[in-house]
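Numbering (my numbering), first residue to last: 6 to 77.
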């Protein structure tokens with residue numbers, strides 16, 4: 006399982022990813038949760054990253070600005 010913490014609501018991101026045929030959950034309001042199979046390939050991870058980038062660009066969200074950074 007992988008959680009990506011954003012500094013904004015993730016429901017629009019989740020919905021847009023579904024249109025790109027990527028299943029994810031929007032949890033805790035600002036967390037995008039992914040549960041890839043244990044057999045996921047590097048190619049599939051690369052394709053996911055391209056789709057996520059496309060979704061963020063479509064929603065006019067800068068990936069650098071969208072991710073919540075821990076200051077610890």
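Here a beta-carbon is modelled for each residue, glycine too, at the ideal position from N, C-alpha and C.
Cβ of residue 35 within 8 Å of Cβ of residue 10? yes
Between which two residues does the alpha helix (DSSP H) carrying residue 31 extend? Unbroken run through residue 31 is the beta strand (DSSP E), 30-32; no alpha helix (DSSP H).
Could you give the DSSP three-state label for residue 43: helix, strand or coil? coil
Helix, strand or coil: how does DSSP classify residue 36 here? strand
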